[in-house]
Amino acid sequence: MLNLFKYSSNEKNKNTIKKINIARNKLKNYSNILLKEQTIKIKNEINDCNKINQNVVINAFAVVKEAIFRATGLTLFDVQILGGLTLNDGNIAEMKTGEGKTLVALLPAYLHSLTNQGVHIITVNDYLAERDATLAKQIFSYLNIHVGLITQKINNKERKKEYQKDITYITNSEVGFDYLKDNMAIHKNDILQKNFHYAIIDEVDSILIDEARTPLIISGNAKIEKNFYQNAKKIANTLKTILDYKIDEKSKNIILTVSGITKCEKILKIENLYNVRSPWIKYIINALKAKEFFIKNRDYIIKNNEITIVDEFTGRIMIGRRWSEGLHQAVEAKENVKIEAENKVLASITYQNLFLLYKKLSGMTGTAKTEEEEFINIYKMNVINIPTNKKCLRKDLPDLVYKNEYIKWQAIANECLDMYKIGRPTLIGTTSIKQSELLSEMLTELKITHNLLNAKPENVAQESDIILKAGRKKTITIATNMAGRGTDIILGGNPTKIAEQEIKEYIENKCKNANKERYLDNNEIALIIEKIKYFENIDESTSNNIKNLDDFILLYKKIKEKYKGECQKEREQILELGGLYIIGTERHESRRIDNQMRGRSGRQGDKGTSRFFLSLQDNLFRIFGGNNIEKIINQLKIDDNTPIESILLTKSLNSAQKKVEAYFYDIRKQLFEYDEVIHSQRKAIYNERKKILSYSFNRDCIIEYGEQTIEEMLTMYYKNQRKEFILEKIIKLLNIKIKLFKLYDMNDSELKAFLKEQFRVSYELKEMYLEQLRPGLIRQLEKYYLLQQIDKAWQEHIDKMNLLKEYIGWRSYGQQDPLVEYKNEAFNLFINMITYIRQTVIYLIMRSRLIVDI
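Read left to right, the sequence shown gives residues 1 to 854 (UniProt numbering).
So this is what it looks like as structure tokens:
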């Protein structure tokens, strides 16, 4: 085992790890029952001192380490314990691929679950959430800790149960959408989540950096404007780039030229395209964006005659997600598929503000150092680099740059052929489905057997099988953005997984032969395999086809032992060839994503190699200064087929990536700063909603709204030099029967006291009337009107805030800070909204005329 102490200068951590190991050694002789009792013991210790002290941390980590060993046979390395301590301190643990981050998360998760406030372990997709939750359930069954799992397919009733568990595995989007839905609930029993206590985010850079550019939005359908989208598409197809519009690839924006504007106005027969009353500019710009920026089989695929988004960072399809502000409809029009209704925003939140709701936040990833400044500035989390258990032996070779893109792909194909001939496993990362399929065709022509993994459904279905084989001899794997897929590629293959597959096929065949009328489904077989693995007796109710599990246990052990030797032998042969070879086909806009790609190779001290094959026509070169480099290469008169290795090129690439990273950081920072304004308003509105939902008696709230409304309107009355119509409005609003002239002689305090008293009397009469109609009706009415008007006003407020954000940037031309102006305008809008809510609720309740059928 690696001696951690030579890496760490932190005496506190060294001593803590030493104490954890000593405490764990004492637990080795404990029975399973005695180990389980440690959970109650540590809980009592936390309750006694009302906090998590150092002694609690040591005992909790030691207990988890022993439970992990009993459930999996694995002993945590010291570096993994260091990772756990880093997470416990509310920081980010940067741990390389294959270092066991999944197990590391269990240490602080267990510790914080003992406070009974709930822990969320957040992953990037359902597959990882299910996989990690299954492992956690096995381990925590030794400690009497209940593990929950929430995926897209789980209904609300089950979700509420899963949120109540000690530790809940969930994806980032699900936790966000559930938060927004909870704050749109119309009954307290509909609320799913508890308060946000502690979260551990897996692939923290992917969630808090990559996905943080786009807010989470819950939307409702608005009116479908098919003609606008179809006509805008036709107009966009007649416009020519450069002449009619300019493309800003850095900001993914379209700017119409004078020629383009004139053409549009002529086609539409309108005088001014930018007239406030003309809706066309939005549709035309979106149609041009769909034409230029949104590419089929890169940004989206067509599945079941619908546009399905492809995640640019993971290469996965995002079922149910849609681009906002009419972009999705523009793409639908472009591809001639059914145009769905445009969405109206009902609720939204950025990932930044969502995760800042947690009292304590931590994360893990293999690559976070390049974004450390953002993590510190926005999330207040430091990035702590955790040393690898074994020294990384991977060689990252210099980039090869070709002048021509097709020559680059030929070179990659030839490199694959060389690797295939010698039997070295190779993983090629592509940035789009189109590229992956192009390379696949080239390899097929060269008669190279290979596996293809991209977002197309037929390939996604084979994902686990493809990853399982990716480390085997003579295996060539093409994948769109393997970065962040969360699965280790094991050299020589994983004997346990191979044995599981074989025993699964054996069980299926045996069941078919035994009973042709009933076959086991995948869940039943998975359950049997789990029981075989842990040598438990099978419950006959699970499957009446299997009578004797002992035979399967013996067979499983025999198969596993057989492949253990074969896989080890193959692993040694692959290491002699240099280990897993990673080929990158394009530099990403972020160095971090490139590092994730490289990190697929060289796990746990394995040998490995990585190299990027690039061309001057790649997006990064083309958008960020490739012309200058091309001039230098042309002056050198280098042949098209000859790749260039140059310090100048590497520096230029790194510089370009830093520019892109800085640009997108500014976008995220601006998004965060603007959302901070609405976030404080969101919290105020959501707190008010929760208060109303939790109370069965909201009379005091109505009285408070009424009295505040009286004060606000009287302020206007005196400010407008005692205008009569304001007094009339107050009387009408409060439904008071009194002659107006009787109020004129009252001074300020008398008038205020009189109106408040009359409002209370009027409200009591209203209560009595409604109680006679139906007992409890007034209480229901109060809650209904309060929630209805808050939600309605808030949705309208979001629309106004979005419009404000769109045009506020123009204030900079008047030497004004747009953010300051946005804050001021937003404050006024919020005050107006609150006033509107109060007055509308009072008016609806005081003027309501209900007749109840008996």
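Ideal placement from N, C-alpha and C gives every residue a C-beta, glycine not left out.
Q) What first and last residue would you give for the alpha helix (DSSP H) that runs through H187? A) Looking at the DSSP string, H187 is not in any alpha helix (DSSP H), and its letter there is neither H nor E.
Q: Would you check if there are 3 or more beta carbon pairs closer than 8 Å linking the segment 269-279 to the segment 79-87?
A: no
Q. In its own chain, which residues sit with a C-beta less than 8 Å from the C-beta of Q117, not counting the 5 before and 5 after it?
A. K194, N195, H197 and Y198
Q.
If we require 3 or more residues per run, which beta strand (DSSP E) segments fall completely within the segment 305-365?
A. 306-310, 343-349 and 360-365
(Q) What ranges does the alpha helix (DSSP H) occupy inside the segment 413-454, keeping only unbroken runs of at least 4 residues that lie completely in it? (A) 433-445
(Q) Less than 8 Å between CB atoms is the rule here; does D48 satisfy it with respect to chain B? (A) Here chain B cannot be found, since the structure has a single protein chain.
Q.
Looking at P108: is its Cβ nearer than 8 Å to the Cβ of I200?
A. yes
Q. Under the DSSP definition of a beta bridge, which residues are partnered with S615?
A. Y402
Q | Start and end residues, beta strand (DSSP E) containing Y581 | A | L580 to G584
**Q.** Burial state of S541 (16 or more Cβ within 10 Å)
**A.** At S541 the pLDDT is 39, less than 50, meaning the model places this residue with poor confidence and gives no usable figure here.
Q: Starting from T477, follow its DSSP beta bridges and name the residues at the other end.
A: L427 and N451
Q: Throw me the rounded Cβ distance for the R571 and L491 pair, which I believe falls under 8 Å.
A: Rounded to the nearest angstrom, the Cβ distance from R571 to L491 is 5 Å, consistent with a contact under 8 Å.
**Q.** CB of N183 within 8 Å of CB of R689, strictly
**A.** yes
Q. Are L94 and A333 closer than 8 Å when you measure CB to CB?
A. The question names Leu, but residue 94 is Glu in the sequence shown. Contact flag unset, no.
Q) According to the Cβ coordinates, are T426 and I476 closer than 8 Å? A) yes
**Q.** Among R298, L149, T115 and T39, the one whose alpha carbon lies nearest that of T123
**A.** L149
Q.
Ignoring anything shorter than 4 residues, give me the alpha helix (DSSP H) runs that lie fully in the segment 109-156, in order along the chain.
A. 126-140
Q. Can the beta-carbon of residue 874 be found closer than 8 Å to that of A287?
A. In the structure displayed, the chain extends from 1 to 854; residue 874 sits before or after that span and is not available.
Q: Throw me the rounded Cβ distance for the I254 and I247 pair, which I believe falls under 8 Å.
A: 6 Å
Q: State the Cα-Cα distance for the pair E517 and Y556, rounded to the nearest angstrom.
A: Per-residue confidence for E517 stands at a pLDDT of 48, beneath the threshold of 50, marking its modelled position as unreliable; no derived number is given.
Q) Cβ atoms of L208 and Y351: under 8 Å apart, would you say? A) yes
Q. Where does L256 land, buried or exposed, given buried means 16+ other C-beta within 10 angstroms?
A. buried
Q) Would C49 be called buried (16 or more neighbouring beta carbons within 10 Å of its own) or exposed? A) exposed
Q. Can you tell which of A411, G605 and D594 has its C-alpha closest to the C-alpha of N389?
A. G605
Q: Spell out the partners DSSP gives K607 in its beta bridges.
A: L393
Q: Kindly indicate which residue of R600, M419, A479 and I448 has the alpha-carbon position closest to the one of N454.
A: A479
Q | Range of the contiguous beta strand (DSSP E) that encloses A93 | A | I92 to E94
Q.
Taking the beta carbon of Q681 as the centre, do at least 16 other beta carbons fall within 10 Å, making it buried, or is it exposed?
A. buried
Q) Over what stretch of residues does the alpha helix (DSSP H) that includes A684 continue unbroken? A) It spans I647 to S694 - the alpha helix (DSSP H) in which A684 sits, taken as one unbroken run.
**Q.** residue 882 versus I349: straight-line alpha-carbon distance, rounded
**A.** In the structure as shown, the chain begins at 1 and stops at 854. Residue 882 is therefore absent and cannot be evaluated.
Q) How far does the alpha helix (DSSP H) with K289 in it reach, from first residue to last? A) W280 to E292
Q. Between L787 and the rest of its own chain, which residues show a CB-CB distance below 8 Å, the 5 nearest in sequence each way excluded?
A. I186, R689, I692 and L693
Q: May I ask you to list the residues that DSSP assigns as paired with A411?
A: In the DSSP output, where bridge partners are listed per residue, A411 has none listed.
Q) Of the choices I808, I790 and A105, whose alpha-carbon is the least far from that of F830? A) I790
(Q) Let's test the definition: count the other Cβ atoms within 10 Å of the Cβ of R213 and tell me whether it reaches 16, buried, or not, exposed. (A) When all chains shown are included, R213 counts as exposed.
Q: Let me know the alpha helix (DSSP H) ranges lying completely inside the segment 769-805, each 4 residues or longer, listed in chain order.
A: none
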